[in-house]
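Single-structure report; data block below.
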Amino acid sequence: MKNFFDELENVLFATSPEEKIELFYHFYDEFRTNLLVIKQTLPAKEHIKPTFANFCRIVTPENLPKRVKLDTDEGKARFVHAILHIEYCAIDLALDHSYRFRNLPVEYYADWLEVAEDEIRHFKILDSILMTLGYSYGDFEVHQSLFDAQQATQTLRSRMAVVPRYLEANGLDANIKMMQKLQGVGDKGAKTIIKALEVILKEEIDHVKKGDKWFLYACKHDNVDKSIYFDDVKAIMPNAWRQRGFVNREARLLAGFENNEIERIKNGG
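Here the sequence shown is numbered in the working numbering, starting from 1 and rising by one per residue.
Okay, structure coming up:
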């Protein structure tokens with residue numbers, strides 16, 4: 001039988017979205033039909049650069065446009081491209097969750113591969129919208145903040161705290177604000193993007209919930225209380241929660257957050 005981690009490595013380090021998606025579907029079929037053995041052989045390969053560096057121009061977040069005109073095709077394209085890039089990074093993150101951390105229950109790997117499949121579907125929806133606007137992934141500059149977060153979190157507990165329970169949970173808040181901006185535009189293109197965001201929001205709740213589950217698993221393994229979450233996040237991202245804004249309480253509760261955590265987040269962590 002083929003080795004799970006060896007095969008997944010080929011998917012994770014694929015150098016184009018098309019290749020990555022094709023390899024993933026083949027790999028995922030083999031995983032679901034029990035054709036792979038989950039056994040560590042070689043150590044996990046380290047990332048030298050993000051996989052999107054092959055087809056995107058990377059700049060610092062400060063050098064990205066702060067506002068775009070959503071009533072123009074280019075403005076919509078820039079808006080969609082930014083979300084599309086997040087979804088591509090989310091594919092890599094879900095794959096890396098599965099690849100990087102070894103000797104865990106099969107359920108752990110099944111969870112994050114299911115997330116990867118969702119993120120690929122989100123990517124394809126947004127990529128299709130971008131193409132109808134006359135643009136492609138890589139036409140605009142991107143940042144590598146999510147890749148940097150991946151690189152900074154090399155333990156299961158820190159990864160689950162920072163990526164699903166902090167960064168992706170922040171996305172639950174941001175999604176609502178993005179839809180509100182588009183509703184103010186009100187044209188056909190904006191409505192199409194809103195429909196995509198509605199799908200993403202619904203499914204991202206489950207992704208954050210999976211992160212919550214495996215964060216609790218890691219806390220139990222490390223014999224620490226889940227309240228260490230705030231310390232874990234701030235150890236990697238010292239400025240976390242300083243910019244207070246809208247918090248999607250309903251979505252966060254569905255994703256496993258407790259009311260006392262949400263209140264603390266609203267008050268700056």
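Virtual Cβ for every residue (Gly too), placed ideally from N, Cα, C.
Separation of residue j from residue i, as counted between CA atoms
{"i": "residue 160", "j": "residue 219", "result": "10 Å"}
{"i": "residue 144", "j": "residue 49", "result": "9 Å"}
{"i": "residue 118", "j": "residue 142", "result": "22 Å"}
{"i": "residue 191", "j": "residue 131", "result": "16 Å"}
{"i": "residue 54", "j": "residue 175", "result": "28 Å"}
{"i": "residue 104", "j": "residue 217", "result": "10 Å"}
{"i": "residue 122", "j": "residue 221", "result": "33 Å"}
{"i": "residue 13", "j": "residue 77", "result": "27 Å"}
{"i": "residue 232", "j": "residue 162", "result": "8 Å"}
{"i": "residue 67", "j": "residue 27", "result": "39 Å"}
{"i": "residue 108", "j": "residue 151", "result": "20 Å"}
{"i": "residue 73", "j": "residue 184", "result": "15 Å"}
{"i": "residue 177", "j": "residue 40", "result": "43 Å"}
{"i": "residue 271", "j": "residue 52", "result": "For residue 271 there is no data in the structure shown, the boundaries of the chain being 1 and 269."}
{"i": "residue 139", "j": "residue 200", "result": "23 Å"}
{"i": "residue 272", "j": "residue 243", "result": "What is shown of the chain runs 1 to 269, which leaves residue 272 out entirely."}
{"i": "residue 235", "j": "residue 223", "result": "18 Å"}
{"i": "residue 106", "j": "residue 29", "result": "15 Å"}
{"i": "residue 156", "j": "residue 101", "result": "7 Å"}
{"i": "residue 245", "j": "residue 64", "result": "21 Å"}
{"i": "residue 17", "j": "residue 198", "result": "23 Å"}
{"i": "residue 158", "j": "residue 209", "result": "16 Å"}
{"i": "residue 225", "j": "residue 213", "result": "14 Å"}
{"i": "residue 11", "j": "residue 120", "result": "12 Å"}
{"i": "residue 238", "j": "residue 15", "result": "32 Å"}
{"i": "residue 154", "j": "residue 93", "result": "12 Å"}
Among the options, the one whose alpha carbon lies nearest that of residue i
{"i": "residue 172", "options": "131, 192, 205", "result": "205"}
{"i": "residue 148", "options": "61, 122, 187, 247", "result": "61"}
{"i": "residue 247", "options": "267, 200, 237, 239", "result": "267"}
{"i": "residue 85", "options": "27, 57, 6", "result": "57"}
{"i": "residue 146", "options": "265, 88, 10, 227", "result": "88"}
{"i": "residue 83", "options": "250, 158, 179", "result": "179"}
{"i": "residue 170", "options": "18, 42, 257, 44", "result": "257"}
{"i": "residue 1", "options": "16, 23, 38, 18", "result": "38"}
{"i": "residue 22", "options": "124, 90, 47", "result": "124"}
{"i": "residue 240", "options": "25, 265, 249", "result": "265"}
{"i": "residue 42", "options": "15, 24, 3, 25", "result": "3"}
Distance between beta carbons of residue j and residue i, contact taken as under 8 Å
{"i": "residue 269", "j": "residue 230", "result": "5 Å"}
{"i": "residue 165", "j": "residue 211", "result": "5 Å"}
{"i": "residue 207", "j": "residue 261", "result": "Their Cβ separation, rounded to whole angstroms, is 17 Å, which puts residue 207 and residue 261 out of contact at 8 Å."}
{"i": "residue 8", "j": "residue 98", "result": "6 Å"}
{"i": "residue 70", "j": "residue 188", "result": "Not quite, the Cβ-Cβ distance comes to about 13 Å (not below 8 Å), so this is no contact."}
{"i": "residue 31", "j": "residue 113", "result": "6 Å"}
{"i": "residue 80", "j": "residue 193", "result": "6 Å"}
{"i": "residue 91", "j": "residue 20", "result": "7 Å"}
{"i": "residue 126", "j": "residue 196", "result": "6 Å"}
Host alpha helix (DSSP H) of residue i (start-end)
{"i": "residue 10", "result": "4-12"}
{"i": "residue 196", "result": "188-222"}
{"i": "residue 21", "result": "17-32"}
{"i": "residue 269", "result": "It is not in any alpha helix (DSSP H) - residue 269 carries neither H nor E in the DSSP assignment."}
{"i": "residue 234", "result": "229-236"}
{"i": "residue 225", "result": "From DSSP, residue 225 is part of no alpha helix (DSSP H); its letter is neither H nor E."}
{"i": "residue 94", "result": "73-100"}
{"i": "residue 250", "result": "249-254"}
Closer than 7 Å: residue i CB and nearest the ligand HEM heavy atom
{"i": "residue 160", "result": "Of the ligands one can find in the structure shown there are none, so the ligand HEM has no counterpart to examine."}
Quiz prompt | Secondary structure, alpha helix (DSSP H): runs of 4+ residues fully inside the stretch 115-175 | solution = For the stretch 115-175, whole alpha helix (DSSP H) runs of length 4 or above, ordered along the chain, are 145-152, 156-162.
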